[in-house]
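Enquirer: Here you go, one structure.
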Amino acid sequence: MKSWIVTTGNEILDGVVKNTNAEYLTKRLNELGFTVMGIQVVRDELEAIERAVRLGLDSADIVIISGGLGSTDDDITREAVASLLGRKLYIDRPFADKVFDRYKRKFGARVPRSVEKFALMIEGAKTYFGDEALVPAQVIETEGKLLVLLPGPPSELVPLFEKVFNEHPTFSQHTSAYAQRTFKFANVPESVVEESLRDVLKDVEYSTTLDYFVGPTIRIKVKQNRGDQLERIEEVIHERFPEDFFGTDETSLEEVTVKLLEKRGLTLSIAESCTGGNVSAILVKVSGLSRVYKGAVVGYNRKVKETLLHVSQSTIDKHDVVSELVAAEMAENVRKILQSDIGASVTGVAGPDRGDSRKEVGTVCFAISDSHGCRTFTENIRGDRRTVVQRASYRLLDLIRRHVLLTEGG
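Counting in the numbering used here, the sequence shown runs from 182 upward without gaps.
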């Protein structure tokens, strides 16, 4: 089933407010098996909103509109939709009384008459009321399509969307007809994944996206009565990408890495340079991390590398502060200092200048050390400073994951 999103608000187009509603709706609709055909952001103008809704109705089965349901003069979404559909507007008097009472209790002042606008309804709309929202969601059936009007504040939009989804039959009937799963890969080209799986993807509905910091994902949707097909596809993916495939749906790379360490009974410590503690910041999102993670040393400048991580001056002088040999000493020494089973390190040039290094911006060296030895890697990461830091951080996590995955007993 096709969906269309319209968000209203001058503040979005003026760059004052981030369009978090569109992000949330897109994510949820995809999770629920709806194909999002388009997203529009329009100003608080009657004709602009009418055109956007008209295009949505012509392009999709469900049109979701957020914003413009407040009490000010520029809150005109209801007026625009009513005008487009040729329907009347009316005040829901019982609800208006509730709004007046709630407003008075909250603000303790004389209630302006404009608050009555919160109770402005479109003829024929089904309403859904939230516990905290001052305004209800309105759902209208027209031309065999569905229009869903939601308030702009995210704290009101999210619970009302979930309420509509759970209670309106169009949503529940659609989602019960399909099963879907998202498959996640790390550090493998999107084209390689798609080409390798072409034979299993040809009979299913799927979409591919790219997490720029981690790798590609494939979301596959099948009819509910063929749900076992997802299991067979996952088995094929495991066989063809035993190391690159790391999880499904909401599973994160850091979560998988921590669980693998715990499963193997291994502990980890990290020496970070160019990432400045970012790898640790990503890891601490995972509950129970302390069972496997000893800690980190952020040796951002040369002196700290030499004094705390015991990297030799001669190694740095001869091979550069950004080199595989320096990365190896960082990983080996942090493992010994913090007494962990595995030591990992990253050192690189995040840019925009080279700092103490002679290497090109984007050059990043990694190392993984354990009692059996040390492996080193070098990559050239393109992008601005933030991109280099983020990609280097997730690359180190993936190298740790792969190392543990291949540990004896896996």
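Glycine included, every Cβ here is placed at the ideal spot set by N, Cα and C.
Only counting the same chain, and skipping five residues up and downstream in sequence, which positions put a Cβ closer than 6 Å to that of Asp255?
Expert: Here the question's residue 255 lines up with position 74 in the sequence shown. Result list for Asp255: Asp225, in chain order.
Enquirer: Within its chain, find whatever has a CB closer than 6 Å to the CB of His584; leave out the 5 residues flanking it on each side and keep chain order.
Expert: As a working mapping, residue 584 is identified with position 403 in the sequence shown. Within the same chain, His584 has close Cβ partners Ile549.
Enquirer: Can you tell me the Cα-Cα spacing of Glu484 and Glu510, whole angstroms?
Expert: The residue given as residue 484 occupies position 303 in the sequence shown. The residue given as residue 510 occupies position 329 in the sequence shown. Residue identity check: residue 484 is Lys in the sequence provided, not Glu. Distance between the alpha carbons of Lys484 and Glu510 is about 14 Å.
Enquirer: State the Cα-Cα distance for the pair Arg464 and Glu435, rounded to the nearest angstrom.
Expert: As a position in the sequence shown, residue 464 is number 283, starting the count at 1. As a position in the sequence shown, residue 435 is number 254, starting the count at 1. The displayed chain sequence assigns Leu, not Arg, to residue 464. In a straight line, the C-alpha of Leu464 is about 6 Å away from that of Glu435.
Enquirer: Of the choices Lys279, Arg472 and Glu260, whose alpha-carbon is the least far from that of Glu304?
Expert: To locate residue 304, count along the sequence shown from 1; it is residue 123. Here the closest residue by C-alpha is Glu260.
Enquirer: Put Met182 into one of helix, strand or coil per three-state DSSP.
Expert: On the sequence shown, residue 182 is found 1 positions in, with the first residue counted as 1. Met182 falls in the coil class under three-state DSSP.
Enquirer: Since Ser388 sits in a beta bridge, which residues does DSSP pair it with?
Expert: The count along the sequence shown starts at 1 and reaches residue 388 at position 207. Its beta-bridge partners are Arg400.
Enquirer: Which residues does DSSP list as the beta-bridge partners of Arg556?
Expert: Residue 556 sits at position 375 when you count from the first residue of the sequence shown. In DSSP, Arg556 forms a bridge with Ile549.
Enquirer: Can you tell me where the alpha helix (DSSP H) holding Ala229 begins and where it ends?
Expert: Residue mapping note: residue 229 aligns to position 48 of the sequence shown, counting from 1. Counting along the chain, the alpha helix (DSSP H) containing Ala229 begins and ends at Leu227 to Ser240.
Enquirer: So which of Ala314, Glu313, Leu331 and Gly311 has the shortest CA-CA distance to Val320?
Expert: Reading the sequence shown from its first residue, position 139 is the one you call residue 320. Nearest C-alpha to Val320: Leu331.
Enquirer: Suppose the cutoff is 8 Å on Cβ atoms and the five residues either side in sequence are ignored; what does the same chain contact list for Gly219 look like?
Expert: Taking the sequence shown and counting its residues from 1, the one referred to as residue 219 is at position 38. Correct list, in chain order: Trp185, Ile186, Leu236, Gly237, Ser240 and Ala241.
Enquirer: Can you check whether the CB of Glu375 is closer than 9 Å to the CB of Leu391?
Expert: Numbered from 1 along the sequence shown, position 210 holds the residue referred to as residue 391. Numbered from 1 along the sequence shown, position 194 holds the residue referred to as residue 375. Contact flag unset, no.
Enquirer: Given this structure, state the Cα-to-Cα distance separating Lys269 from Ala263, to the nearest angstrom.
Expert: Position 88 of the sequence shown, counting from 1, holds the residue named residue 269. Position 82 of the sequence shown, counting from 1, holds the residue named residue 263. Computed Cα separation, rounded: 6 Å.
Enquirer: Under DSSP, the alpha helix (DSSP H) around Lys287 begins and ends at which residues?
Expert: For the purposes of this step, residue 287 is taken as residue 106 along the sequence shown, with counting starting at 1. Lys287 -> alpha helix (DSSP H) spans Arg274 to Phe288.
Enquirer: Quick check on Phe288: buried or exposed, where buried means 16 or more other Cβ atoms within 10 Å of its Cβ?
Expert: One-based indexing of the sequence shown puts residue 288 at position 107. Phe288 is exposed by the Cβ-count criterion.
Enquirer: Would you report the Cα separation of Gly591 and Val570, rounded to the nearest angstrom?
Expert: As a first step, residue 591 is located in the sequence shown; it is residue number 410 there, counting from the start. As a first step, residue 570 is located in the sequence shown; it is residue number 389 there, counting from the start. Reliability of the predicted coordinates at Gly591 is poor, the pLDDT of 47 falling under 50, and no value is obtained from them.
Enquirer: Per DSSP, what kind of secondary structure is Gln571 in: helix, strand or coil?
Expert: Position 390 of the sequence shown holds residue 571. Reduced to three states, the DSSP call for Gln571 is helix.
Enquirer: Sorted by chain position, which residues of the same chain lie with C-beta nearer than 8 Å to Lys402's C-beta, five sequence neighbours on each side aside?
Expert: As a working note, residue 402 is residue 221 in the sequence shown. The residues are Gly214, Tyr359, Ala360, Gln361, Val385, Glu386 and Tyr387.
Enquirer: Over what stretch of residues does the alpha helix (DSSP H) that includes Glu313 continue unbroken?
Expert: In the sequence shown, counting from the first residue as 1, residue 313 sits at position 132. From DSSP, Glu313 is part of no alpha helix (DSSP H); its letter is neither H nor E.
Enquirer: Where does the unbroken beta strand (DSSP E) through Thr432 begin, and where does it stop?
Expert: Numbered from its first residue, the sequence shown carries residue 432 at position 251. Per DSSP, Thr432 belongs to no beta strand (DSSP E) and is neither H nor E.
Enquirer: Consult DSSP for Thr588 and reduce its assignment to one of helix, strand or coil.
Expert: Numbered from 1 along the sequence shown, position 407 holds the residue referred to as residue 588. The answer is coil: DSSP assigns Thr588 none of H, G, I, E or B.
Enquirer: May I ask which residues mark the beginning and end of the beta strand (DSSP E) holding Thr216?
Expert: Position 35 of the sequence shown, counting from 1, holds the residue named residue 216. Run containing Thr216: Thr216 to Val223, per the beta strand (DSSP E) assignment.
Enquirer: Measuring alpha carbon to alpha carbon, tell me which of Ser468, Gly396, Cys546 and Gly469 ends up nearest Val502.
Expert: As a working note, residue 502 is residue 321 in the sequence shown. Comparing Cα-Cα distances from Val502 to each of Ser468, Gly396, Cys546 and Gly469, the minimum goes to Cys546.
Enquirer: Go ahead and pull the three-state DSSP assignment for Arg268.
Expert: Taking the first residue of the sequence shown as position 1, residue 268 is located at position 87. Correct three-state label for Arg268: coil.
Enquirer: Comparing C-alpha positions only, which one of Lys365, Ser336, Phe366 and Glu412 sits nearest to Val381?
Expert: The residue given as residue 381 occupies position 200 in the sequence shown. Of Lys365, Ser336, Phe366 and Glu412, the residue nearest in Cα terms is Glu412.
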